[in-house]
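**Q** One structure, pasted below without further comment.
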Amino acid sequence: GRVSVFAAASLRGALEDIIAGYDGQVTLSFGGSGTMARQIAAGAPADVVVLASPLWMEWLASQGIIDRNAAVAVAANRLVLIGPATAPPMQDLSQLMDRLKTGRLAMGHRDAVPAGGYARQALETAGLWRAVQNHLAETDNVRAALAMVARGQTPLGIVYATDAQAEPRVKVLLDLPPEGHDPILYPAAAVTPAGLPFLHHLAGPDAAALFAAHGFQPVVP
Amino acid sequence: MTLEVHIDHRFDGFALDLSFAAGAGITALFGRSGAGKTTVINAVAGLLKPQGGRIVLGGETLFDSASRRFVPPAARRLGYVFQDARLFPHLSVSENLTFGARYAPAGAKGAGFDDVVALLGLEALLSRAPGTLSGGEKQRVALGRALLSKPKMLLMDEPLASLDGPRKQEILPYLERLRDGPLGLPILYVSHAVDEIARLANTLVLLKDGKVQQAGPLYDVMANPAAVPLLGVREAGAVLEAEVLAHDPDGLSRLKISAGVLALPGVQAPVGAKVRLRVLAQDVMLSLRPPEGLSALNVLRVTIEGIHPGDGPGAAIALRAGGDTILARITARAVTELGLVPGMSCYAILKATSVAPGNIGR
Amino acid sequence: MTLEVHIDHRFDGFALDLSFAAGAGITALFGRSGAGKTTVINAVAGLLKPQGGRIVLGGETLFDSASRRFVPPAARRLGYVFQDARLFPHLSVSENLTFGARYAPAGAKGAGFDDVVALLGLEALLSRAPGTLSGGEKQRVALGRALLSKPKMLLMDEPLASLDGPRKQEILPYLERLRDGPLGLPILYVSHAVDEIARLANTLVLLKDGKVQQAGPLYDVMANPAAVPLLGVREAGAVLEAEVLAHDPDGLSRLKISAGVLALPGVQAPVGAKVRLRVLAQDVMLSLRPPEGLSALNVLRVTIEGIHPGDGPGAAIALRAGGDTILARITARAVTELGLVPGMSCYAILKATSVAPGNIGR
Amino acid sequence: MSADAAAWEALRLSLWVACWATLLAVPFALAVAWVLARRDFWGKGLLSAVVHLPLVLPPVVTGYMLLIAFGRTAPLGRALESIGITLAFHWSGAVLAAIIMGFPLMVRAMRLAIEAVDPKLEEAAATLGASDLSIFGRVTLPLIAPGILAGAVMGFAKAMGEFGATITFVANIPGQTQTLPSAIWAALQIPGGESQALGMVVMASVAALGAVLISEALARRVAARIAGT
Amino acid sequence: MSADAAAWEALRLSLWVACWATLLAVPFALAVAWVLARRDFWGKGLLSAVVHLPLVLPPVVTGYMLLIAFGRTAPLGRALESIGITLAFHWSGAVLAAIIMGFPLMVRAMRLAIEAVDPKLEEAAATLGASDLSIFGRVTLPLIAPGILAGAVMGFAKAMGEFGATITFVANIPGQTQTLPSAIWAALQIPGGESQALGMVVMASVAALGAVLISEALARRVAARIAGT
Ligand SMILES: Nc1ncnc2c1ncn2[C@@H]1O[C@H](COP(=O)(O)OP(=O)(O)OP(=O)(O)O)[C@@H](O)[C@H]1O
Ligand SMILES: Nc1ncnc2c1ncn2[C@@H]1O[C@H](COP(=O)(O)OP(=O)(O)OP(=O)(O)O)[C@@H](O)[C@H]1O
Ligand SMILES: [Mg+2]
Ligand SMILES: [Mg+2]
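Protein chains in written order, with the numbering used here: chain A, 1 to 221; chain B, 1 to 362; chain C, 1 to 362; chain D, 1 to 229; chain E, 1 to 229.
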């Protein structure tokens, strides 16, 4: 029958393409990672779950809902520093404070939004966290941070590369070094045995190509 | 069906503390503005729960503070005509009129819709909304609504105050028919118009500042000199029962009262009928001798029963005339000059008006 | 200050189409329930914008449909006593009373607060909320509120309907003083009580179904047989001006009217004073010969001016008595039997009542 | 399913959920409003505060509480499921969320309307023999019809717009629980989704406009009836 | 800053924002309510629908719209900034978001109250010489005080609970725009954050209870004044 997939909303474009090429019937439901994890714990009719944060996958495993070892990362992502389309590119993060001037740095919420957590790690690694902490504009999702930059509300923002590529009003000023934060992985797991075939497909090469087409990074094992 | 009322209730700055009993027929509550008439009616209707007292209607205890009995208004089946009309604004006139009909018990008798509508001249208004009615029209609908709820008793708080004279003259006989007809509907009636009361009431309760000043059969209370200040000096006066003896060719009618025969113009009742005569106290003159130069027809030999000084320069004199008492109001000076004392006999010259032609309460 | 009113307005099922002019003093609007009285007053007050017409007060055009002029109610400064009291529920009685005072122009003259409060007996109520007042108390506050707004004119829609007799007797002279005193306040006055009108009004406008049936000086309209059905047969009757000649020791007073001298009981006015006499049509009898066996004092020789058959079995007869016209109402059969025709002379036997002792309108 | 079809499906579901929520909530809201307007009792303020709570708490919290209470694994949810009522991850759960979120708005409108009814009219009905229930049905209810309508419109609008509690309680399953707001939110989460979101915003706005216009017309008619013109 | 201190700071800010939002919104809501209740004009239904819009749209959308209208680069935002009013990342922006989100609730309560005022009383005031403004101030306003209070409570409660539009418009800046709902939401997004969230939910509930109790007491006093007891 139909396979129900609960997935992080930022994967939507890629997942829609992936199910188009899958020969089973799939229903995609999108939500925030924390919300979905809780729902699945409360008995949500999901066969497969794809989250934007390993933290919540870990939580699901700790609840005994999925098998920790059966979870696979299906895609990866990168963080980028963005600015208005007219801004000059940046060499490294050290210029961050100069570029911000009195403005703020838009990013996902440092604790609540996975992208915000990675951005925080990156800034901490760069030794900028203390300085920038009071110049943040934290949003409830990355897309809102992107919109802040796109609307000129903030001069800079840190978002996923996948988000930045489709917004003409912003420009990637700097790719943040991936070693500065935990790997950005999208873990997937089957909640029910019925989800296994699709999970398999998701971890397969066809899906990987489509993830790549949407700007996601390949998963380095 | 008798109504027995004892109320003890206190508002901030106003205390009602009274008892009265009303027999069959129409009981009028009379008193100045703020005397407590509406409060009494509200208590009878069950809209006010007095702090103390007891209200019994026809053997059924509607309220008793001692036994904590309180029959809710809906179960009392009293048709209340409010001082303010209180029509239901969302219902048409005819829906207002028929509002209460469905709650009457199956066998209840009451006025017919068409009769009431015709009596009150509501034919053209039936589909109208209350908001567009004139003041008098509203009051008529409110009257009709209460009549058509087939009540056990009617409570009427100045039901005719904003109606024109001709309409009143149509409604008054109807109320008399309700009272006297097969329904024998008792009515508790508030009015400021002494002529209405003189015409309608069987029992009269005079209220002042929340207390009963006088209460009893209409004839007795109206003939009591103590009632004069309450009724107002221009309105006070005895009401007598008379029988029409004859209509003379000169336009005068002869009427028999217990003390003799009076000649009055404009009596519109057949020979043999009983009518009420209203003899205003201010229209009665006293003379120690039989008066000369005046037609002697309306001169009665009377005995002074009591002299009641008023607030102003006047005094009210109760006069025994046959089986009746009539009232005269003359100046205190005249009392002294004529040397009037109780027990004295003298002559009363009356100017009487007949009320309620062709009708007389039991 | 004269008021000129032309109104042409149509409600669903009711059309008002009338013109009248009111001079100084009190202009009474009289008519049955639903005749259009409140509608007229609302138009004068500016609460209703008639579809057509013109209203001019003392030279100022308040409304003119032709020139599209409409003075808003607030700028008209007319003290309106509503048929329903319309007190402001959130304000105390004294705040209600003084509500309008601040809007009067600096120099405006008007009644004083203490006078009005005393007149209306509101002393004990000043701090009360309107919601707790009795019906008559509300009406008195509404009256006071309009008086204290220092208006250019008063509009009163049955202002005394729910007041007791004694209170009315206190307020009526006050209204006369407002009218006659230094304020010379004109009043447009709606009432169903013919006795109030007979006492107060200078001009009388009779309305029926939205049209003016009769309008003019009170004496003329009241003496017009055509007015009888409108006023009601029990209430219709001429109002005459009389001068008190003497008070006789037997209690009767002699009053001079243009046609002769009448003897009446109970006249409370000093010798020389002018009083209004109300002669109810139903209290006038006609005789072809001087009547015998009756005191001749109140018999006047009169000439028949006109005979006006009524709706029922009665007919109204206008009688020329000296400079005045008085009305008699007798049965149509009597008209035939006596062979009454206009121009004939005969004798009228009157039973008159004096109204408004000590007061007489201009 | 194409994006367009999904949007229409979301609109249909939103309307469906909003209609049910409004229909089901009106009697409860009316009862609570009546109690708050016409009865004095200990704890009245508390009841009023509880009714206001969904307004004060972030919708996620309400949704989370619903999930805890009515989730498939929760005792209440299980009990309901055993009698055939599934709320969690079902459109009926979206109805419940919409009812709860709209409740304060509905209660307030109805309460204000009830408080505006002159008790003297209800007294008059009682003297005519009407029982409390009859009085409510024949006098109070028609007089507060405009207030009920206003409350219903508020409830409907809120139900159309409810997102946080709904997505937290019943997730975002297309055709089942994906209402217009959830779909709009989802569209906003991916690059280039703005134009699709805009289309759905227009849809929602038009639906709201329609509901408001209908309610205004109805209210006008009801008011005219009472004014008698 | 400890989690606890942050929570108290969020509560303080929420109260501050809610108070300002309520104070500022009341006059506007009153004006709109009056127009909707007492004037008939072309486009009235449209105005009413626009007022309802924030109810119908998911809060994110309203937040985006605010960003578009009042953002730093938007003309309106620039104009405000030039007169010294900064909305971006400032608590005043949160106030604006709360005003907009609470507006439909406030307007509806006040409108119902105005519609319940008998125009005959206003007419009576006019015949006593009061100008339209005086009539409003001395008759209408005191009579609708309970409705204004009700609207204010609704607005206050909504402002206390507003989250979606606020975070989208002015982000989540501790001490400036991190209101209690934002903090609660953030806590719920972290595995194991429930207990911290619960503490803040209790805070919000107590604040709401307080506001509702105060408003109920005030309403009782106002009503008693009008009933004269
Ligand atoms: N809730 C209240 N609080 C204080 N006083 C009240 C209250 N209700 C009534 N009263 C007072 O009680 C008295 C009696 O009121 P009631 O309405 O019975 O008078 P009434 O005889 O019907 O007068 P009216 O002829 O003017 O209608 C009045 O003085 C009134 O002001
Ligand atoms: N909006 C309306 N629609 C239809 N008819 C109306 C409207 N307003 C008034 N009328 C009718 O116009 C007539 C005149 O009303 P108005 O209030 O002027 O009467 P009134 O002379 O003051 O009567 P009352 O003595 O009973 O107060 C009445 O028959 C009334 O029903
Ligand atoms: Mg009364
Ligand atoms: Mg009228």
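Ideal Cβ placement from N, Cα and C applies to all residues, glycine included. Model, not experiment: these values are computed from the prediction.
(1) With a threshold of 8 Å (Cβ to nearest heavy atom), would Phe20(C) be considered close to ligand 2?
(2) For Pro174(E) versus Met160(E), is the C-beta distance shorter than 9 Å?
(3) So who's on the other strand from Thr331(C), going by DSSP bridges?
(4) Say yes only if the C-beta of Val81(C) is nearer than 8 Å to one or more non-hydrogen atoms of ligand 4, and no if none qualify.
(5) By a C-beta neighbour count over all protein chains shown, 10 Å radius and 16 as the cutoff for buried, is Asp157(C) buried or exposed?
(6) If the criterion is Cβ atoms closer than 9 Å, does the pair Ala316(B) and Val239(B) meet it?
(7) Please report how far the alpha carbon of Leu78(C) lies from the alpha carbon of Leu128(E), in whole angstroms.
(8) To the nearest angstrom, how far is the alpha carbon of Val271(C) from that of Leu255(C)?
(9) What residues in the stretch 169 to 194 of chain E have a beta carbon less than 8 Å from any beta carbon of chain C?
(10) Give the C-beta separation of Gly45(D) and Leu149(E) to the nearest angstrom, bearing in mind that I take them to be a contact with Cβ-Cβ under 8 Å.
(11) Check whether the Cβ of Thr229(D) lies closer than 9 Å to any Cβ atom in chain B.
(12) Whole angstroms is fine: what's the gap from Gln121(A)'s alpha carbon to Ala37(D)'s?
(13) Could you tell me the distance, in whole angstroms, from the CA atom of Glu162(E) to the CA atom of Val201(E)?
(14) Thinking C-alpha only, which one of Gly59(B), Glu60(B), Leu47(B), Ala43(B) is nearest Gly53(B)?
(15) Rank Leu100(A), Ala190(A), Asn141(A), Leu176(A) by C-alpha distance to the C-alpha of Leu156(A) and give the top, closest one.
(16) Short of 9 Å Cβ to Cβ, which residues in the stretch 122 to 156 of chain D face chain B?
(17) Determine the direct distance from the alpha carbon of Pro114(A) to that of Asp182(A), and round the result to whole angstroms.
(18) Could you name the residues of the same chain whose beta carbon sits closer than 7 Å to that of Gly116(A), not counting the 5 residues immediately before and after it, in chain order?
(19) What does DSSP give as the partner residues of Glu60(B) in its beta bridges?
(20) Ignoring anything shorter than 3 residues or poking outside the stretch 121 to 175 of chain B, list the beta strand (DSSP E) runs there in chain order.
(21) Just the chain E side, please: which residues come within less than 7 Å of Pro27(D) by C-beta, in chain order?
(22) Using DSSP with H/G/I as helix, E/B as strand and the rest coil, what is Pro270(C)?
(23) Taking just the CA atoms, how far does Arg128(C) sit from Ala296(B)?
(24) Spell out a yes or no on whether the stretch 8 to 19 of chain B and the stretch 206 to 214 of chain A are touching, meaning 3 or more CB-CB pairs, one atom from each, closer than 8 Å.
(25) Measuring alpha carbon to alpha carbon, tell me which residue in Ser14(D), Val51(D), Val60(D) is nearest Val107(D).
(26) Just verifying my parser: in three-state terms, what is the DSSP assignment at Arg76(B)?
(27) Within 10 angstroms of the Cβ of Arg72(E), are there 16 or more other Cβ atoms? Answer buried if so, exposed if not.
(28) Once you ignore the five residues that flank Pro357(B) on each side, which residues in its own chain have a CB closer than 7 Å to its CB?
(29) State the Cα-Cα distance for the pair Arg179(C) and Val141(C), rounded to the nearest angstrom.
(30) Give the straight-line distance between the Cα atoms of Arg76(C) and Ala198(C), rounded to the nearest whole angstrom.
(31) Decide if the stretch 109 to 118 of chain B is in contact with the stretch 48 to 68 of chain B; the criterion is three or more beta carbon pairs, one per stretch, under 8 Å apart.
(32) Can you give me, in chain order, the residues of the stretch 48 to 76 of chain E that have a beta carbon less than 9 Å from any beta carbon in chain A?
(33) Please classify Arg362(B) as buried or exposed, where buried requires at least 16 other C-beta atoms within 10 Å of its C-beta.
(34) So Thr325(B) packs on Ala334(B), CB below 8 Å; how close in whole Å?
(35) List, in chain order, every chain A residue whose beta-carbon is nearer than 7 Å to that of Ala219(D).
(36) Residues of chain E with CB under 7 Å from Ser149(C), in chain order?
**A** Walking through what the data contain:
(1) No - ligand 2 has no heavy atom lying nearer than 8 Å to the Cβ of Phe20(C).
(2) Contact: no.
(3) Bridge partners of Thr331(C): Gly314(C).
(4) Not under cutoff, so the answer is no.
(5) Buried, since its Cβ has 16 or more Cβ neighbours within 10 Å.
(6) No, these two residues do not count as a Cβ contact at 9 Å.
(7) Each residue's CA atom was taken as its position, placing Leu78(C) and Leu128(E) some 7 Å apart.
(8) Rounded to the nearest angstrom, the gap between the Cα atoms of Val271(C) and Leu255(C) is 9 Å.
(9) Sequence-ordered contacts of the stretch 169 to 194 of chain E with chain C are nonexistent [C-beta pairs closer than 8 Å].
(10) Not confirmed; about 14 Å, so no contact.
(11) In this prediction, Thr229(D) scores a pLDDT of 47, lower than 50, which makes its location untrustworthy; no coordinate-derived value is stated.
(12) Gln121(A) and Ala37(D) have their C-alpha atoms roughly 55 Å apart.
(13) Their Cα atoms are separated by approximately 13 Å.
(14) Of the candidates Gly59(B), Glu60(B), Leu47(B), Ala43(B), the one whose C-alpha sits nearest the C-alpha of Gly53(B) is Ala43(B).
(15) Checking every option, the nearest Cα to that of Leu156(A) belongs to Leu100(A).
(16) Only those residues of the stretch 122 to 156 of chain D whose C-beta falls short of 9 Å from the nearest C-beta of chain B are listed: Glu123, Ala124, Ala125, Ala126, Thr127, Leu128, Gly129, Ala130, Ser131, Asp132, Ser134, Ile135, Arg138, Val139, Pro142, Leu143, Ala145.
(17) When rounded, the distance between both Cα atoms is 11 Å.
(18) Sequence-distant partners of Gly116(A) (beyond 5 residues in either direction) whose C-beta falls short of 7 Å from its own C-beta, in its chain, are Met107, Gly108, His109, Arg110, Glu138.
(19) Beta-bridge pairing links Glu60(B) to Leu57(B).
(20) Runs found: 153 to 157.
(21) Under the 7 Å cutoff, chain E gives no residues; its nearest Cβ is about 19 Å from Pro27(D).
(22) In this structure, Pro270(C) counts as coil in the three-state DSSP scheme.
(23) Reliability of the predicted coordinates at Ala296(B) is poor, the pLDDT of 41 falling under 50, and the value obtained from them is presented with this limitation in mind. It is roughly 56 Å from the alpha-carbon of Ala296(B) to the alpha-carbon of Arg128(C).
(24) Counting C-beta pairs with one atom in each stretch, the stretch 8 to 19 of chain B and the stretch 206 to 214 of chain A have fewer than three that are closer than 8 Å, which means they do not touch.
(25) Ranking the options by Cα distance to Val107(D), first place goes to Val51(D).
(26) Here Arg76(B) sits in helix by DSSP.
(27) Arg72(E) is buried by the Cβ-count criterion.
(28) Low confidence applies here, because Pro357(B) scores a pLDDT of 41, under 50, leaving its location unreliable; read the following figure in that light. For Pro357(B), where only same-chain residues beyond five positions count, the Cβ hits under 7 Å are Val267, Gln268, Ala269, Val275.
(29) Their Cα atoms are separated by approximately 20 Å.
(30) Straight-line Cα distance between these residues: approximately 28 Å.
(31) The stretch 109 to 118 of chain B vs the stretch 48 to 68 of chain B: no contact.
(32) Listed by position, the residues of the stretch 48 to 76 of chain E near chain A (Cβ gap below 9 Å) are Val60, Gly63, Tyr64, Leu67, Ile68, Gly71, Arg72, Thr73, Ala74.
(33) Annotation note: pLDDT 29 at Arg362(B) (below 50); position unreliable, no value reported.
(34) Going by Cβ atoms, the distance from Thr325(B) to Ala334(B) rounds to 20 Å, so no, they are not a contact pair.
(35) Within chain A, not a single residue places a beta-carbon under 7 Å from that of Ala219(D); the smallest gap is close to 37 Å.
(36) Those within 7 Å of Ser149(C) in chain E are Leu128, Gly129.
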